[in-house]
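Protein chains in written order, with the numbering used here: chain E, 1078 to 1383; chain W, 1078 to 1383.
Yeah, the Cβ is synthetic: ideal placement off N, Cα and C, and Gly gets one too.
Being a predicted model, the structure only gives us computed values, none of them experimental.
All remarks here apply to the structure that follows.
Protein chains: 2
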Amino acid sequence: MTTQTDITWIAADWGTTNLRVWALSDTGEILIHRGSDRGMGKLAPAEFEPALLDLIEDILPTRGEVPIMVCGMAGSRQGWAEAPYKSVPCPPPSIADATRVKTADPRLDVHILPGLKQLKPADVMRGEETQIAGFLADQPVFSGTLCLPGTHTKWVKLKSGVVERFRTCMTGETFALYRHRSVLRHGLSESEFDTGAFKNAVLCVLQDPKVFASELFGIRAASLVAGQTPTEATGRLSGLLIGAELASIRDEFDLADVAILGSSKIAGTYHAALECLGQDARLLDAESITLRGLTLAFSCYARETS
Amino acid sequence: MTTQTDITWIAADWGTTNLRVWALSDTGEILIHRGSDRGMGKLAPAEFEPALLDLIEDILPTRGEVPIMVCGMAGSRQGWAEAPYKSVPCPPPSIADATRVKTADPRLDVHILPGLKQLKPADVMRGEETQIAGFLADQPVFSGTLCLPGTHTKWVKLKSGVVERFRTCMTGETFALYRHRSVLRHGLSESEFDTGAFKNAVLCVLQDPKVFASELFGIRAASLVAGQTPTEATGRLSGLLIGAELASIRDEFDLADVAILGSSKIAGTYHAALECLGQDARLLDAESITLRGLTLAFSCYARETS
């Protein structure tokens, strides 16, 4: 049974929508893994500490402080405490770049890792930089492209441990908007999609990116007058959006050796889209890589303070 | 003062969002013009007649029936009564193509004009076909391009009174989704936009349509790290979306002589976008053209039944 004294430190991935924490032993064993939906988007700055305590207070030691390594939107200007961006090209941020947060509860020793920014073209990330650090921990000299799919998918060019540049596409968010809020919702399926329709749409936009805007409403129209099924419509919407994304980044990022950090359904969709280009890609588990990145930060911290 | 006996017929433009009616005299004078927000999207089939009566019952004659000419989404399958699409190429539908609706109230003589469909590429319209009829009433041999901007903008190729083909872009709906529901909303201005940023974005996408998907998140990022103002961000979003639309239709539609049916702000935005291409365009008042189209239908009906 886990006791409070077993816990050496806590890792927290605090995004816009969710907060996930892991309590770890001194050997790196995950003792507790919990989550809540109190993401940065729902919290005022003063509400972060109570939200964190709600999730972990029962596992805090009765005395002494616990190091807590945080990545993600909690470090944004509207978050808990701003952790100013580092500028690329640079290696992923380390504990030396983190912002120490003043807390009311003396048991909390909170460090927020900063995100990365790029000035030209303008771009930002918060949270993914820690995944990149976790990825590089296992393959420090990797040179190639990382794809971190999600609400805002990141494409990252890595060279010998340095983030050279990156680009964000809001494909996941756009898909959700069209699916749930637009006229297209009437003809879409609940979750399944037709793979053939998906691939045709990916290739259609890759071959001729300018068709994108008029193809979108075509999804609705084909449901009304051409017998298109809901699963075909959903596949086509997904394919048009990911096709437009690949078209927009393929000149800037080498797609011949892509590592996709994500084991979720969306990661599989990107994998299938890259297959349309004749490219294979590796799928790596995002959550364990996030924890790996936060563990790196803690290890450096423990070394410095020991 | 208008009396009930002055009213010869009623015109109704019944879209997804709104219902607008005009009561007209035998000389075509507009006696009453009213609207409500009870669009097709909010009504079950049985609710259309009560919604119409709520708006016009006080002006109906005490006996005899009043012809009511309806265009728009009220004629869709989920509307009041389905008015099956006509297929292009064809002239805009006339009263002979209309669906007569059975009503409980004997004073209502309701005719719904059908929309148009296109099989390849699949596309549909409901309501705009009546505007096209109204436009052609004044220039029956016009050959060129009509642009009907709105939530779903229509581009129409006309040749000697025939709708040869058309294309729909859901640019207005997409703009509203990004503006109110996406992460981009944080950096946008309330209503004003910067014209320079708009034009730059239109040209950026027209010159290289494939950049569209990654430029979108660039709007958010430039607000965060490059000092972009809210009016610049709004202009850029509008410009990227209309630029992508023009890129997708410019090969299919002659943009050298475009008539834009719409006097609203959105019509002005399309006019400005065409100027980026060095094209001038005529702006015509959409509402009076809709009424002109419905009047045409009534005139034919009155001729047939007299």
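Item, Value
"Contact between the stretch 1126-1141 of chain E and the stretch 1084-1093 of chain E (3+ Cβ pairs under 8 Å)", "yes"
"The stretch 1107-1122 of chain W in contact with the stretch 1356-1367 of chain E per 3-pair CB rule at 8 Å", "no"
"Span separating the alpha-carbon of W:Arg-1115 from that of W:Met-1150", "12 Å"
"Within-8 Å CB hit, W:Met-1150 to chain E", "no"
"Bridge partners - E:Gln-1305, DSSP secondary structure assignment", "Answer is none; E:Gln-1305 lacks a bridge partner."
"Bridge partners - E:Ala-1279, DSSP secondary structure assignment", "Looking at the sequence shown, residue 1279 of chain E is not Ala but Val. Note: E:Val-1279 sits in no beta bridge, so no partner."
"Exposure label - E:Leu-1368; buried when at least 16 CB within 10 Å", "buried"
"E:His-1188 - DSSP class collapsed to helix/strand/coil", "strand"
"7 Å Cβ cut-off: residues of chain B touching E:Glu-1159", "Of the protein chains in the structure, E and W, none is chain B."
"Under the three-state DSSP convention, the category W:Arg-1154 falls into", "coil"
"Within 8 Å, strictly: CB atoms of E:Ala-1336 and E:Phe-1275", "no"
"Sub-8 Å separation of W:Ala-1358 and W:Ser-1171 beta-carbons", "no"
"For E:Glu-1134, three-class secondary structure by DSSP", "helix"
"Contacting positions in the stretch 1291-1305 of chain E - beta carbon closer than 7 Å to chain W", "Ser-1291, Leu-1293, Phe-1294, Gly-1295, Ala-1298, Ala-1299, Leu-1301, Val-1302, Ala-1303"
"Residue from W:Asp-1174, W:Pro-1166, W:Leu-1301 with nearest C-alpha to W:Arg-1242", "W:Pro-1166"
"Within chain E, partners of W:Glu-1250 - CB distance below 7 Å", "Ser-1259, Val-1260"
"Spatial neighbours of W:His-1229 in its chain, beta-carbon cut-off 6 Å, leaving aside the 5 residues before and after", "Thr-1245, Met-1247"
"Neighbourhood of E:Lys-1236 by C-beta distance below 7 Å, restricted to the same chain and skipping five residues each side", "Ser-1220"
"Within-8 Å CB hit, W:Ile-1189 to chain E", "no"
"Complete runs of the alpha helix (DSSP H) confined to the stretch 1318-1376 of chain W [at least 4 residues]", "1342-1353"
"Whole-angstrom distance between W:Tyr-1347 and W:Val-1187, CA atom to CA atom", "35 Å"
"Interface flag, W:Phe-1289 vs chain E, CB-CB below 8 Å", "yes"
"Short-range partners of chain W found in the stretch 1349-1382 of chain E, where Cβ spacing is below 9 Å", "none"
"Presumed contact (8 Å Cβ cut-off) between E:Arg-1160 and E:Ala-1173, rounded CB distance", "In the sequence under discussion, the amino acid at residue 1160 of chain E is Ala, which differs from the Arg named in the question. Not really, about 12 Å apart at Cβ, beyond 8 Å."
"E:Gly-1273 to E:Gly-1312 span [Cα, whole Å]", "8 Å"
"Exposure of E:Arg-1297, with buried meaning 16 or more beta-carbon neighbours within 10 Å", "buried"
"Residue-chain proximity (E:Ala-1199, chain W), Cβ-Cβ < 8 Å", "yes"
"W:Pro-1122 in three-state terms, based on DSSP", "helix"
"Proximal chain W residues relative to E:Lys-1194, where beta-carbon distance stays under 9 Å", "Ala-1298, Leu-1301, Val-1302"
"Pair within 8 Å by beta-carbon distance, W:Gly-1211 and W:Gly-1370", "yes"
"N- and C-terminal bounds of the alpha helix (DSSP H) containing E:Thr-1248", "1248-1258"
"Beta-carbon separation (whole angstroms), W:Cys-1148 vs W:Leu-1190, contact threshold 8 Å", "5 Å"
"DSSP bridge partner residues for E:Gln-1195 (one or two, in chain order)", "E:Asp-1200"
"Selected residue, minimal CA-CA separation from E:Ala-1123, among E:Trp-1157, E:Glu-1134, E:Met-1117, E:Pro-1183", "E:Trp-1157"
"C-alpha gap between E:Gly-1238 and E:Leu-1223, whole angstroms", "12 Å"
"Residues that W:Leu-1225 contacts on chain E, provided the C-beta gap is smaller than 8 Å", "By Cβ distance, chain E contributes nothing, its closest Cβ being about 13 Å from W:Leu-1225, past 8 Å."
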